[in-house]
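Numbering-wise (our numbering), the sequence shown opens with residue 675 and increments by one.
Here the structure comes first, spelled out in structure tokens, and everything after it is commentary.
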Amino acid sequence: MILASAQNLLYLLLPLLGSMLLCYGIYQVISESKVTGQKKIQERLRGVSAKKADKEKASILRRAAGGEAKSFADQVLGKLSVVNRLQQLLDQADVDWSASKMLMNLGGAAIAVMCGLLLIQASPLAAVGCAVAIMFMPLMFLSFMRKKRLKKITNQLPDVFEMMSQALRAGHSLASAVQLVHEQMPNPIAKEFGRVYHEQNLGLKIEEALVSMANRLDLLDVKFFVTAVLIQRQTGGDLAEVIDNIGGVIRSRIELFGMVQGLTAEGRLSGWVLFALPFLVFFGCMYLNPKYASVLLEDPTGKILLMVAGGMQLMGLAMIRWIVNIKV
675 MILASAQNLL YLLLPLLGSM LLCYGIYQVI SESKVTGQKK IQERLRGVSA KKADKEKASI
735 LRRAAGGEAK SFADQVLGKL SVVNRLQQLL DQADVDWSAS KMLMNLGGAA IAVMCGLLLI
795 QASPLAAVGC AVAIMFMPLM FLSFMRKKRL KKITNQLPDV FEMMSQALRA GHSLASAVQL
855 VHEQMPNPIA KEFGRVYHEQ NLGLKIEEAL VSMANRLDLL DVKFFVTAVL IQRQTGGDLA
915 EVIDNIGGVI RSRIELFGMV QGLTAEGRLS GWVLFALPFL VFFGCMYLNP KYASVLLEDP
975 TGKILLMVAG GMQLMGLAMI RWIVNIKV
């Protein structure tokens, strides 16, 4: 009875939510087309090609002037802490999206899939599960991109600090050393230092630009570097030697981390094998003798056993990952 009433309530609310999201989508398409048309007209009148550096400088200028005109979704959802954390995740993954628009689009896609499944008489639990999966799968992908990008930045830091220390010893200023990293190093570290250099050129203090980069990346090594720069600016000292020492420590830690990964490779492989083995055995039994294995799917006790086994599998995988995940 309760399940039927909940399903009827979903049938009443979903068309309303779908209509609201459809209107929002049409509004976003119209507003984006207007903005695109205005940009094209401005580029034709000015006769300027859209260069990457110019776009970055223009974006920094807009932020310094108080930011771009925010949409309704940005104004409403931008006050939530979860939206701010999602925006930081997008920035760290180097994805040029708005967190509020992403949430609205994911919500619309999840509701559309849930409506479609309910219309074909699917189980409400399955419909809700698919909607939740649609909401979280892009977030998992963003988390993977963020981890990959930050790892690449960490591996680039020793070469960056070595280049900066040599530039400082050659008589260059800190701003010139930042510019050298932006011009000589590959992405993604070149983009981050390029943003620092452009912010400094547009009037922001080099210390504030570096602090902004440290907060944006949220990497401990970058925070050490920025802290060393701030202390040197206040007390003086040989900044080149400090940066060189930080780079040496990071390089040694990266080498140690590689050794740890090699020593724990067997444990990690064993964890994945132990996690996948029950599934392989079950599907093998389903293929060789379906009647024997189908008891677990049809009998209530078998379903409970499957749920308990799945939970224990996840606990075992988490424990093995905790054992082999040695922080360096």
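Positions of the beta carbon are idealized from the N, C-alpha and C atoms, including for glycine.
Note on geometry: alpha-carbon atoms of residue 937 and residue 828 lie some 21 Å from one another. Annotation for residue 909: no residue places its beta carbon closer than 8 Å to its own, counting only its chain and skipping 5 residues before and after. If you look at residue 905, you'll find it in the alpha helix (DSSP H) that goes 894-909. The straight-line gap separating the alpha-carbon atoms of residue 981 and residue 953 is approximately 13 Å. It is roughly 28 Å from the alpha-carbon of residue 944 to the alpha-carbon of residue 968. In the three-state scheme derived from DSSP, where H, G and I count as helix and E and B as strand, residue 950 is classed as helix. As for any alpha helix (DSSP H) of minimum length 4 sitting wholly inside the segment 927-987, the runs are 939-962, 964-967 and 969-972, ordered along the chain.
For residue 855, the uninterrupted alpha helix (DSSP H) segment begins and ends at 848-858.
Along the segment 773-836, the alpha helix (DSSP H) occurs as fully enclosed runs of 4 or more residues at 773-793, listed in sequence order.
Taking the Cα of residue 925 as reference, the smallest distance to any Cα among 757, 834 and 759 is reached at 834. Beta-carbon to beta-carbon, residue 864 and residue 855 are separated by about 7 Å, close enough to satisfy the 8 Å threshold. Contact between the segment 817-827 and the segment 759-773 is established, with three or more Cβ pairs separated by less than 8 Å.
Our two residues, residue 773 and residue 961, have alpha carbons roughly 45 Å apart in a direct line.
Across the set 998, 986, 956 and 921, the C-alpha of 921 shows the shortest separation from the C-alpha of residue 837. With contacts defined by Cβ atoms closer than 7 Å, residue 883 and residue 874 form a contacting pair.
Between residue 916 and residue 902, the C-beta spacing is below 7 Å. By the beta-carbon neighbour count (other beta carbons within 10 angstroms, threshold 16), residue 805 is buried.
Between the alpha carbons of residue 755 and residue 788 lies a distance of about 27 Å. Ranked by Cα distance from residue 997, the first of 934, 872 and 893 is 934. Taking all protein chains in view, the Cβ of residue 832 is crowded by 16 or more other Cβ atoms within 10 Å, so the residue is classified as buried.
For residue 864, the uninterrupted alpha helix (DSSP H) run begins and ends at 863-875, by DSSP.
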